[in-house]
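The structure appears below as structure tokens.
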Amino acid sequence: MQRQDKLVALVTGGNKGIGLQIAKDLVAHGYTVLIGSRSLANGEAAAASIGEEAHAIHLDVTDEASIQVAAHRVRDEFGRLDVLVNNAGISNVAPPGTPFEEIIQSNSLLTASLDDVRRVWETNVFGVIAVTQAMLPLLREAPAACIVGIGSDGGSLSLNSDPSNPHRAMFGNYSASKAAMHAVMLSFALALESSGIKVNIATPGFTATDLNGFNGTNTVEEGAREPVRLALLGADGPTGTFSGVDGPIPW
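When you line the sequence shown up against my numbering, it's residues 519 to 769, in that order.
Right, here's the structure in full:
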């Protein structure tokens with residue numbers, strides 16, 4: 519396909535929650551948005567709810583073959599990629615409807631099985647690496663590409679090492695995976711600094727999604743605000759940052 523003029527963004531896990539809101543907001547800013555979804559049907563439903571500038575793309579961040587097929591489709595059908603939002607993530611492997619208190623308990627590394635730990639890290643850490651590596655050839659061709667990772671202040675080592683922080687009692691498998699994801703994104707930022715590709719991390723705050731059983735206090739509109747701001751950074755924007763709507767977050 520001939521390279522299109524409109525900027526193109528890919529949002530992993532874009533079929534629901536914060537990812538879907540990010541996709542909506544980027545379309546509103548004039549982007550063609552590709553909604554990465556493990557279920558193509560769910561992605562297509564999400565794209566239809568946004569409009570003709572949103573397109574579903576089958577993408578399971580834990581499946582290398584799926585990632586490669588998605589990368590080829592982006593090149594063949596859209597001809598470019600300007601923004602990658604690494605949004606896909608899971609907090610636990612508990613069945614849907616599990617009480618929030620049980621989800622927190624299941625995240626404790628005192629008791630979590632290695633299989634459960636691996637499943638969370640496959641999505642939150644290794645999936646980020648795999649998707650970013652696969653999409654880099656396209657991003658390198660963009661005039662001002664950027665990569666945004668959806669992080670978490672719950673994964674901040676600085677905040678959670680502070681004894682006065684009451685939330686550090688919940689620091690477990692999910693938080694550790696997010697701390698690792700932050701490190702991965704920073705590694706990409708440093709490695710790509712000379713290329714001009716911007717790599718930044720946004721925390722959406724405690725947003726009500728199925729990630730936390732809809733116990734969050736922020737709306738998805740609020741949660742998407744900082745990721746979208748970072749996705750819209752120009753060529754002169756910063757790289758290697760970690761921030762929320764109120765400003766920088768300590769690593």
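The beta carbon of each residue, even a glycine, is placed where N, CA and C say it ideally should be.
In this text, all values refer to a predicted model and were calculated from it rather than measured experimentally.
Is DSSP giving residue i helix, strand or coil here?
i: Ile550; result: Residue identity check: residue 550 is Thr in the sequence provided, not Ile. Reduced to three states, the DSSP call for Thr550 is strand.
i: Pro768; result: coil
i: Val611; result: coil
i: Leu538; result: helix
i: Asp671; result: helix
i: Asp581; result: coil
i: Glu571; result: coil
Taking the DSSP output, what are the residues bridged to residue i?
i: Phe760; result: Ile719
i: His576; result: Ser555
i: Ala527; result: Val551, Val601
Going by DSSP, what residue range makes up the beta strand (DSSP E) through residue i?
i: Asn678; result: Careful: Asn678 lies outside any beta strand (DSSP E), inside the alpha helix (DSSP H) at 675 to 678.
i: Gly741; result: Run containing Gly741: none in the beta strand (DSSP E); it sits in the alpha helix (DSSP H), 738 to 749.
Can you have a look at residue i and say buried or exposed, based on whether 16 or more other CB atoms are within 10 angstroms of its CB?
i: Ser624; result: buried
i: Leu614; result: A small fix is needed here, since residue 614 is Pro in this sequence, not Leu. With fewer than 16 Cβ atoms within 10 Å of its Cβ, Pro614 is classed as exposed.
i: Asp523; result: exposed
i: Ala566; result: exposed
i: Met519; result: Because the pLDDT at Met519 is just 48, under 50, the model does not fix this residue reliably, and the point stays unresolved.
i: Leu602; result: buried
Measuring only from the beta carbon, is residue i closer than 7 Å to any heavy atom that is part of the ligand HEM?
i: Glu571; result: The ligand content of the structure shown is nil, which means the ligand HEM is not present either.
Could you please give the first and the last residue of the uninterrupted alpha helix (DSSP H) stretch that includes residue i?
i: Leu599; result: Taken as a continuous stretch (DSSP letters only), Leu599 belongs to no alpha helix (DSSP H), as it is neither H nor E.
i: Gly667; result: Looking at the DSSP string, Gly667 is not in any alpha helix (DSSP H); the run it does join, the beta strand (DSSP E), is 664 to 668.
i: Val635; result: 632 to 639
i: Phe644; result: Premise fails: Phe644 is in no alpha helix (DSSP H) and is neither H nor E.
i: Glu619; result: 618 to 624
i: Asn691; result: 691 to 709
Relative to the alpha-carbon of residue i, which residue among the options has its alpha-carbon at the smallest distance?
i: Ala541; options: Arg743, Pro768, Trp769; result: Arg743
i: Tyr692; options: Pro745, Gly741, Ser631, Val635; result: Val635
i: Ala701; options: Gly690, Asp594, Ser674; result: Ser674
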